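Peer 1: Residue numbers are given in this note's numbering: position 12 of the sequence shown equals residue 12, and the series is strictly consecutive.
Even for Gly, the Cβ is constructed at its ideal location relative to N, Cα and C.
Note that the coordinates shown come from a computational prediction; the quantities given were computed from them, not determined experimentally.
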Amino acid sequence: MDNKARVIAEYKGAYKVKNNKGEFLAKVTGKQMFVASSREDYPAIGDWVIINELGEGQAVIKEILPRKTIIKRKYSNKNDSQIIATNIDVGFVVESIGRDYNLNRFERYFAIMHDGGIKPAIILNKIDLISKEELLVKLSQIENRFPGIDIIATSIMEEKGFSKLKSYIEKDKTYCFLGSSGVGKSSLINKLLGKNIVKTEDISLYSNRGKHITTTRQMYFLPATPAGGDNGGIVIDNPGMREIGMADAGDGVDMFFDKITALSEGCRYGDCTHIHENGCAVLEAVELGKIDRQQYQNYINLKKESEYYKMSELEKKEKDKDFGKFIKKAKKSLKEYGHKN
Ligand code: GDP
Ligand code: ZN
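(1) Which residues count as close to the ligand ZN when the rule is a CB under 5 Å from any of its heavy atoms, in chain order?
(2) Using a Cβ-Cβ cut-off of 8 Å, state whether GLN58 counts as contacting chain B.
(3) For VAL93 and TYR175, which I take to be in contact (beta-carbon distance under 8 Å), what is that distance rounded to the nearest angstrom?
(4) What distance in whole Å lies between the Cβ atoms of GLY46 and PHE24, which are believed to be in contact at a cut-off of 8 Å?
(5) Just reading off the alpha helix (DSSP H) that ASN190 is part of, what are its end residues?
(6) With burial defined as no fewer than 16 other Cβ atoms inside 10 Å of the residue's Cβ, what is the status of SER140: buried or exposed?
(7) In this structure, does DSSP put GLU107 in helix, strand or coil?
(8) By the three-class DSSP mapping on this structure, what secondary structure does ARG268 have?
(9) Any heavy atom of the ligand GDP closer than 7 Å to the Cβ of LYS185?
(10) Considering only their Cβ atoms, is the gap separating LYS4 from THR29 smaller than 8 Å?
(11) So, with DSSP's three-state summary, where would you put ARG67?
(12) Does the distance between the C-beta of LEU129 and the nearest non-hydrogen atom of the ligand GDP fall short of 7 Å?
(13) Under a Cβ-count criterion, where at least 16 other Cβ atoms within 10 Å of its own Cβ denotes burial, should ILE236 be classed as buried or exposed?
(14) Quick one: Cα of LYS12 to Cα of ALA26, how far?
(15) Mind checking whether GLY184 and LYS126 have CB atoms under 8 Å apart?
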């Protein structure tokens, strides 16, 4: 009998899927592998799939249902992208107070959320490390820079912000935790689950080894809320996303800098890059202090990055080919003028 299930974990060549009867170890059918042309044709965590139960906890995945939202990262050197998770409603971008705290990083994650159709929210963790006054300053900085985005301030140490976080999570919705390793994603998820399921690592251990050891992604189901229901929401942990910030930021970049986009209507040239052109309305606004110089710089950097990452392998090859042709032509014309080589 075919039925609907959700992919909740990913292993090498197999998946853990869950339906209302339980969990199954599932593989894709040979036919599906045959038609797969890219990694996106394979199941990913968060996917709703049609499975055929084989008994003894085994199943076959026959079909991937259309994805509502996708979080993905594109590789810089391959014409391929990696799906991090699908069918996510809200992406919690987690940053912690500490040496890595950085407002610009939020922007990169928001761009990815925006491109994937996912609502972002901010979790500011480890607020025990600063005073109340410092926290208020940080919060207003975030609010000014990112108006309209929800912020939840938390501390595992001092048990702060959990009731707000819990009430933010709605039944049957899916949440994803994104952020650098060490910010406290596992600790937060464990706190939500009410037990230590997700592996957390001591920060000193982490820095000694220079690498975070968690390698699998997994979906977790929160206990039922007093209001009833099967669960109070589903969360996905995402280790190993340190470099995700660069992928597919095209539209997102524009969204978070729509001030700049609006200004560019006033540029003299339609294809203005806002870097060096005369009559550039954006550069003028920077000079006049109408837009923040750092925000401008961030915009330029992000734009360059996302353009580079958007360039496919084919485009790169075309470029190389053009260059080859150019060299050939140049050599030929040199010969015509009596030069050898
Ligand atoms: P992850 O890599 O994002 O999953 O981070 P972890 O949950 O593994 O946490 C990394 C380190 O930060 C661990 O040593 C935690 O004990 C510590 N940590 C997590 N939350 C807090 C917090 O609110 N305050 C402080 N001071 N430390 C925290
Ligand atoms: Zn311009």
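Peer 2: Per the coordinate set shown:
(1) Result (chain order): CYS267, CYS272, HIS274, CYS280 and VAL282.
(2) Here chain B cannot be found, since the structure has a single protein chain.
(3) Translated into the one-based positions of the sequence shown, residue 93 becomes position 93. Translated into the one-based positions of the sequence shown, residue 175 becomes position 175. That belief does not hold up - the Cβ atoms of VAL93 and TYR175 are roughly 11 Å apart, past 8 Å.
(4) As a position in the sequence shown, residue 24 is number 24, starting the count at 1. As a position in the sequence shown, residue 46 is number 46, starting the count at 1. The pair is not a contact, with the Cβ atoms about 16 Å apart (cut-off 8 Å).
(5) What you label residue 190 is simply residue 190 of the sequence shown in a count that begins at 1. Residues 185-193.
(6) The count along the sequence shown starts at 1 and reaches residue 140 at position 140. So SER140 counts as exposed.
(7) Along the sequence shown, read from residue 1 onward, the residue named residue 107 stands at position 107. Helix.
(8) By one-based count along the sequence shown, residue 268 stands at place 268. DSSP places ARG268 in coil when its eight states are reduced to three.
(9) Your numbering for residue 185 matches position 185 in the sequence shown. Of the heavy atoms belonging to the ligand GDP, at least one sits nearer than 7 Å to the Cβ of LYS185.
(10) On the sequence shown, position 29 is the one that residue 29 refers to. On the sequence shown, position 4 is the one that residue 4 refers to. When the beta-carbon positions are compared, THR29 and LYS4 stay at least 8 Å from each other.
(11) Numbered from its first residue, the sequence shown carries residue 67 at position 67. If DSSP states are grouped into helix, strand and coil, ARG67 belongs with coil.
(12) Against the sequence shown, residue 129 aligns to sequence position 129. LEU129: yes, Cβ under 7 Å from the ligand GDP.
(13) In the sequence shown, residue 236 corresponds to position 236, counting from 1. Residue burial annotation: ILE236 is buried, with at least 16 other C-beta atoms found within 10 angstroms of its C-beta.
(14) For the purposes of this step, residue 12 is taken as residue 12 along the sequence shown, with counting starting at 1. For the purposes of this step, residue 26 is taken as residue 26 along the sequence shown, with counting starting at 1. Computed Cα separation, rounded: 11 Å.
(15) Mapped onto the sequence shown, residue 184 falls at position 184. Mapped onto the sequence shown, residue 126 falls at position 126. Yes, these two residues count as a Cβ contact at 8 Å.
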